[in-house]
């Protein structure tokens, strides 16, 4: 999709710091992740592959500073961005509240999934020596990765047949408008990542 430099950009932030009503509550298994990055499930070319026997899916949950296109009746068209500081707070809250098994299909609250549990989570942080996995080297500092063990045979079948291709986070956030000069810079970042 061609990115429109005239659309407003909002940073998604926690409402009141670590407020239990704000932040990421669920991770959805989706066919087209809004972050435009699929996970890897069993690709031989990746060192960190998830294979048939292990039933592990690994991928990016949030990409720092990546503009994500949104459209709503109330606000029209716009982009949202997670910055690395907010991602760190959101991940800490997610873990503190024990949401590692909060998974659903396609953001449908009526399709909550059992037998899919996050067992590994990290934020790309070069100062701490934490790098993005092989295949994701161009992902920005502060991005959040996770690995899920899939013990649910129906969900694993959907991973294998390509019904699910990646992760998408959901929750409650405040929208903070970004300054116009930052909007153009963010679009430049996404274009560089996609090229």
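Numbering (our numbering), first residue to last: 884 to 1078. For glycine and all other residues, C-beta sits at the position ideal for the given N, C-alpha and C.
**OP:** Determine whether the Cβ of residue 1041 lies closer than 8 Å to any Cβ atom of chain C.
**Re:** The displayed structure is made up of one protein chain only, and chain C is not part of it.
Original post:
Considering only residues of the same chain and omitting the five flanking positions on each side of residue 954, which have a CB-CB separation below 6 Å?
Top reply: Along the chain shown, one-based indexing puts residue 954 at 71. The residues are 960.
Subject >> Where residue 1018 sits in the DSSP three-state scheme >> reply: Numbered from its first residue, the chain shown carries residue 1018 at position 135. Of the three classes helix, strand and coil, the one that applies to residue 1018 here is coil, per DSSP.
**OP:** Identify whether residue 972 lies in helix, strand or coil by the three-state DSSP scheme.
**Re:** To locate residue 972, count along the chain shown from 1; it is residue 89. Note: residue 972 maps to helix in three-state DSSP.
Original post:
Do you know offhand how far residue 970's Cα is from residue 1037's?
Top reply: Stepping through the chain shown from its first residue, residue 970 is reached at position 87. Stepping through the chain shown from its first residue, residue 1037 is reached at position 154. For residue 970 and residue 1037, the distance between alpha carbons rounds to 31 Å.
Original post:
Cα-Cα, which of 1051, 1013 and 972 is closest to residue 985?
Top reply: Residue 985 sits at position 102 when you count from the first residue of the chain shown. Between residue 985 and the set 1051, 1013 and 972, the nearest pair of CA atoms involves 1051.
Subject >> CB-CB length for residue 1008 against residue 1024, believed under 8 Å >> reply: Here the question's residue 1008 lines up with position 125 in the chain shown. Here the question's residue 1024 lines up with position 141 in the chain shown. For a cut-off of 8 Å, the C-beta gap from residue 1008 to residue 1024 is around 7 Å, short enough to register as a contact.
Subject >> residue 944 to residue 911 span [Cα, whole Å] >> reply: Here residue 944 corresponds to residue number 61 of the chain shown, with the count starting at 1. Here residue 911 corresponds to residue number 28 of the chain shown, with the count starting at 1. Computed Cα separation, rounded: 10 Å.
Original post:
So what's residue 1060 in DSSP terms, helix, strand or just coil?
Top reply: Taking the first residue of the chain shown as position 1, residue 1060 is located at position 177. In this structure, residue 1060 counts as strand in the three-state DSSP scheme.
Original post:
Is it the case that the Cβ atoms of residue 1003 and residue 908 are separated by a distance below 8 Å?
Top reply: The sequence position of residue 1003 within the chain shown is 120, counting from 1. The sequence position of residue 908 within the chain shown is 25, counting from 1. For residue 1003 and residue 908, no; Cβs fall outside 8 Å.
**OP:** Please list, in chain order, all residues of the same chain as residue 917 whose beta carbon is under 7 Å from its beta carbon, the five residues on each side excluded.
**Re:** Locating residue 917 in the chain shown gives position 34, counting from the first residue. Cβ neighbours of residue 917 beyond the five flanking positions: 951 and 1051.
**OP:** Answer with buried or exposed for residue 1049, where buried requires no fewer than 16 other C-beta atoms within 10 angstroms of its C-beta.
**Re:** Numbered from 1 along the chain shown, position 166 holds the residue referred to as residue 1049. Buried is the call here.
Subject >> Residues near residue 895 by beta carbon distance below 6 Å, same chain, minus five either side >> reply: On the chain shown, position 12 is the one that residue 895 refers to. Cβ neighbours of residue 895 beyond the five flanking positions: 963, 965 and 1056.
Original post:
Counting along the chain, where does the beta strand (DSSP E) carrying residue 1032 start and finish?
Top reply: Stepping through the chain shown from its first residue, residue 1032 is reached at position 149. Residue 1032 -> beta strand (DSSP E) spans 1027-1033.
Subject >> Residue from 1018, 974, 990 and 892 whose Cα sits closest to the Cα of residue 983 >> reply: For this step, residue 983 is matched to residue 100 along the chain shown. Taking only the C-alpha atoms, the option nearest residue 983 is 974.
Subject >> Backbone secondary structure at residue 1007 - three-state DSSP >> reply: In the chain shown, residue 1007 corresponds to position 124, counting from 1. Residue state, collapsed to three classes: coil.
**OP:** Assign residue 917 to one of three DSSP states: helix, strand, or coil.
**Re:** As a working mapping, residue 917 is identified with position 34 in the chain shown. Annotated three-state conformation of residue 917 is coil, per DSSP.
Subject >> Span separating the alpha-carbon of residue 1014 from that of residue 981 >> reply: Working through the chain shown from its first residue, we reach residue 1014 at position 131. Working through the chain shown from its first residue, we reach residue 981 at position 98. Answer to the nearest angstrom: the Cα atoms are 25 Å apart.
Original post:
Can you tell me whether residue 1026 is buried or exposed, with buried defined as 16 or more other CB within 10 angstroms of its CB?
Top reply: Position 143 of the chain shown, counting from 1, holds the residue named residue 1026. Answer is buried; the Cβ neighbour count reaches 16.
Subject >> Unbroken stretches of the beta strand (DSSP E), 3 residues or longer, contained in the stretch 945-993 >> reply: The DSSP assignment places 951-955, 959-964 and 986-988 as complete runs of the beta strand (DSSP E) inside the stretch 945-993, in order along the chain (cut-off: 3 residues).
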